[in-house]
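With the working numbering applied, the sequence shown covers 43 to 670. Ideal Cβ placement from N, Cα and C applies to all residues, glycine included. A quick note: this is a predicted structure, and the numbers were derived from the prediction, not measured. One structure is given here, and the rest of the page talks about it.
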Amino acid sequence: MGYRDVYQGWKADPEAFWMQAAEAIDWIKKPTKALDDSNAPIYQWYSDGVMNTCYNALDRHVEAGRGEQAAIIYDSPITGVKATFSYAEMTDRVAILAGALARKGVGKGDRVLIYMPMVPEALEAMLACARLGAVHSVVFGGFAANELAVRIDDATPKAVIAASCGIEPGRVIAYKPLLDEAIELSAHKPEFGVILQREQLAADLGDTDFEWDAFKEGAVPAPCTPVGGADPLYILYTSGTTGQPKGVVRPNGGHAVALQWTMKNIYNVEPGEVFWAASDVGWVVGHSYICYAPLIYGATAIVFEGKPIGTPDAGTFWRVIEEHKVTSFFTAPTAFRAIKRVDPEGEFVKKYDMSSLKALFLAGERADSDTIIWAQDHLGVPVVDHWWQTETGYSIAANPLGLEELPVKLGSPTVPMPGYDVQALADDGHPVKAGEMGAIAIKLPLPPGTLSGLWQAEDRYRSSYLETFPGYYETGDAGMIDEDGYLYIMARTDDVINVAGHRLSTGAMEEVLSSHPDVAECAVIGVADALKGQLPLGFLCLTSGVDRDHSEIVAECANLVREKIGPVAAFKLACVVERLPKTRSGKVLRGTMAAIADGTAWKMPATIDDPVILDEIKVALAAMGFAK
Ligand code: COA
Ligand code: AMP
């Protein structure tokens, strides 16, 4: 069956479609129905089913006689280490870690925070939590102590599992001091920590910390705890409009069903093949496609610790593909832009045999045409841009290679997947005409595997996603749908920007900048960047009477954002201005400033009526090379 038949089949009978898809998962008690709409517009899936995600990801493959197959290949060019872990080995390791956690009282529903770099133990920790029915919350290593503290206070974890350090090119990042500082800052104190000591930098352990191996010593392997289909598997924090991140809650049952479905139908992978998502376990792509989907499906996942360039060169991705016979490769367009910049002619690509590769998948940010064309030309495989969000956990729109390879339209992540009825809406909530811009919204209910809500914040869930367009989920993206049903995702409608495929809140950066004593008022916008897609740019209005060198203040502000949010915010550009452009009601015109920076101000309604301010912003942007 081709895409259109499958999509129409889902639309005609969603319940039957998702009950059928659920057959591919092992249930302890099969669900009697897929959708539970008893609390609409908040929906649950497979709520009377009972299962365990770790069982589906590991044990079932061992029981099916595939224990010797590689579950995980660890390839770390940044440390020079490579290792392979079979399904049988991973099952044993995870069961023992789970047993050790259970021995310390971690059980179903308890939260466990994981703060680890790209090492196999990060997946081991995630799966051990899943095994116990405990809820993990992985925090990306590039976030600073303060961000970690906010997440600790929100998720109130019983335990923290961390590594002593992460490794970035040219420097070792000591994780433990960041963790200690975060726990110092947070009101909630986790009961204990488990620390993986890496040889690059050992951490000082505190009274409530255990060293990884010592912690597991003598533990009894834990069985898989039965959990309800709608019970939470994990919380993953993502940026919203304010500094308080949103705790996206992912339920067990729908997640396993949906991810399993995507592996064949979207990625066209077979069990036993090697699937590589070059992302980080701290992001949703890492949760879904470094850990859960490949393992639930019985494929081999790659845990890659390094960068696309410089570890050691721009050929590292191709070397990994050749060496491990990767069939499906997934990363963010920014990684390709980084490679293209140093290897425009694809010289490094030619050095490797990549005949195993069947397709490249891009997501995390808008894929620009140049990047897609470069990848098509040099890799010689279909290049699939697909659109998704932390909230959905897998792609909303894609080119479903396992069903049918649809014609590519550059700039479009192709078509909605079954489960998603996507519309471009006008402000009044009515769909706009084909080809016109609108707010991209998805008709409720969202399909299985998407968020069941925000952690202990139902009101915020409703107000952030469900209230603007009743009956729809508001994605926060703006775009259009053409006459062939292809989607185009153009921009965010909120204060979220996308830097190197990482989702960041300008509001959170503004909160940090405002805490600088010399800053009276500020605004942060996203400006186009050839490598990272977008970069944050700050405008600072100084407190009256401050008469210091502006470059010093800018440097202090950049440091402050790095310290409070983390290096991943990549906040380096800021300028001092006299005033900020505002509406009559006092709202800062960030959109207008961003349009000036992008050279698209002509598209905006004439919202800045004070020519002096307009000129000042233009001059400031031009001085930094932005206003065109
Ligand atoms: N721990 C600590 N610091 C980290 C980190 C981590 N896990 N990850 C990134 N950082 C730091 C970087 O070292 C950098 O610090 P610097 O300002 O001192 O140079 C800063 O955070 C910004 O990181 P990033 O924006 O990722 O830039 P980069 O120059 O290190 O790498 C890319 C750029 C394009 C190579 C990289 O972002 C990449 O490979 N992205 C594609 C894959 C991906 O992560 N996708 C996410 C969703 S699919
Ligand atoms: P995240 O939650 O970090 O995955 O970021 C989700 C956001 O990234 C989306 O809401 C989009 O704004 C953007 N995004 C992700 N994938 C794409 C894509 N393929 N095309 C355009 N934007 C994308």
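I'd like the list of long-range same chain contacts for residue i, defined as Cβ closer than 8 Å, with 5 residues on each side in sequence excluded.
i: residue 211; result: 120, 349, 352, 353
i: residue 398; result: 316, 363, 364, 367, 368, 369
i: residue 110; result: 128, 129, 130
i: residue 511; result: 467, 471, 481, 483
i: residue 314; result: 108, 111, 340, 341, 342
What separation, rounded to the nearest whole angstrom, lies between the Cα atoms of residue i and residue j?
i: residue 421; j: residue 427; result: 15 Å
i: residue 442; j: residue 312; result: 14 Å
i: residue 341; j: residue 434; result: 22 Å
i: residue 172; j: residue 338; result: 12 Å
i: residue 570; j: residue 268; result: 48 Å
i: residue 372; j: residue 423; result: 13 Å
i: residue 192; j: residue 525; result: 44 Å
i: residue 250; j: residue 546; result: 33 Å
i: residue 194; j: residue 215; result: 20 Å
i: residue 374; j: residue 612; result: 17 Å
i: residue 359; j: residue 605; result: 31 Å
i: residue 387; j: residue 380; result: 13 Å
i: residue 49; j: residue 62; result: 14 Å
i: residue 334; j: residue 328; result: 9 Å
i: residue 246; j: residue 105; result: 40 Å
With a CB to CB cut of under 7 Å and the five nearest residues on each side skipped, what residues in its chain are close to residue i?
i: residue 378; result: 413, 416, 417
i: residue 558; result: 598, 599, 602
i: residue 553; result: 285
i: residue 647; result: The predicted position of residue 647 is uncertain, since its pLDDT is 42 and thus under 50; no value can be drawn from it.
i: residue 357; result: 390, 393, 394
i: residue 527; result: 457
So does residue i have its beta carbon nearer than 7 Å to some heavy atom of the ligand COA?
i: residue 403; result: no
i: residue 322; result: yes
i: residue 574; result: yes
i: residue 559; result: no
i: residue 609; result: yes
i: residue 84; result: no
i: residue 349; result: yes
i: residue 215; result: yes
i: residue 453; result: no
i: residue 406; result: yes
i: residue 376; result: yes
i: residue 422; result: no
Under the criterion of a Cβ to heavy atom distance below 7 Å, does residue i qualify as lining the ligand AMP?
i: residue 428; result: yes
i: residue 431; result: yes
i: residue 632; result: no
i: residue 570; result: no
i: residue 518; result: yes
i: residue 188; result: no
i: residue 181; result: no
i: residue 535; result: no
i: residue 303; result: no
i: residue 193; result: no
Excluding the 5 residues flanking residue i on each side, which residues of the same chain have their C-beta closer than 6 Å to its C-beta?
i: residue 438; result: 429, 430, 462
i: residue 395; result: 364
i: residue 521; result: 482, 530, 531, 532
i: residue 507; result: 515, 516
i: residue 306; result: 444
i: residue 163; result: 238
i: residue 503; result: 495, 496
i: residue 66; result: 302
Write down the C-beta distance between residue i and residue j rounded to the nearest angstrom, noting that I regard them as a contact closer than 8 Å.
i: residue 219; j: residue 155; result: With a Cβ gap of about 16 Å, residue 219 and residue 155 do not count as contacting.
i: residue 482; j: residue 466; result: 6 Å
i: residue 272; j: residue 494; result: 6 Å
i: residue 535; j: residue 518; result: 6 Å
i: residue 323; j: residue 332; result: 6 Å
i: residue 290; j: residue 278; result: 5 Å
i: residue 169; j: residue 136; result: 4 Å
The segment 464-477 / the segment 531-538 touching (three or more Cβ pairs under 8 Å)
The segment 464-477 vs the segment 531-538: no contact.
Is the segment 355-370 in contact with the segment 170-189, if contact means three or more CB pairs nearer than 8 Å?
The segment 355-370, when compared against the segment 170-189, does not touch it at the 8 Å Cβ threshold.
Stretch-stretch touch, CB-based, cutoff 8 Å, three pairs: the segment 452-463 with the segment 317-326
Flag = no, the segment 452-463 and the segment 317-326 do not touch.
Would you check if there are 3 or more beta carbon pairs closer than 8 Å linking the segment 198-209 to the segment 295-303?
No, the segment 198-209 is not in contact with the segment 295-303.
So, does the segment 48-59 touch the segment 75-84, judging by three or more C-beta pairs under 8 Å?
With a cut-off of 8 Å on Cβ pairs, the segment 48-59 is in contact with the segment 75-84, counting three or more such pairs.
Within 8 Å, do at least three Cβ pairs link the segment 574-583 to the segment 537-557?
Between the segment 537-557 and the segment 574-583 there are three or more inter-stretch CB-CB distances shorter than 8 Å, so the stretches are counted as touching.
Could you say if the segment 124-137 and the segment 91-105 meet the contact criterion of at least three C-beta pairs nearer than 8 Å?
Judged by Cβ distances under 8 Å, the segment 124-137 makes contact with the segment 91-105, as three or more pairs qualify.
Is the segment 583-594 close to the segment 551-565, with three or more CB pairs under 8 Å?
Result yes; three or more Cβ-Cβ pairs closer than 8 Å.
Contact between the segment 184-192 and the segment 138-151 (3+ Cβ pairs under 8 Å):
By the Cβ criterion, the segment 184-192 is not in contact with the segment 138-151, since fewer than three pairs of Cβ atoms, one from each stretch, lie closer than 8 Å.
contact_flag[the segment 273-281, the segment 229-243] where n(CB pairs < 8 Å) is 3 or more
No: fewer than three Cβ pairs fall under 8 Å.
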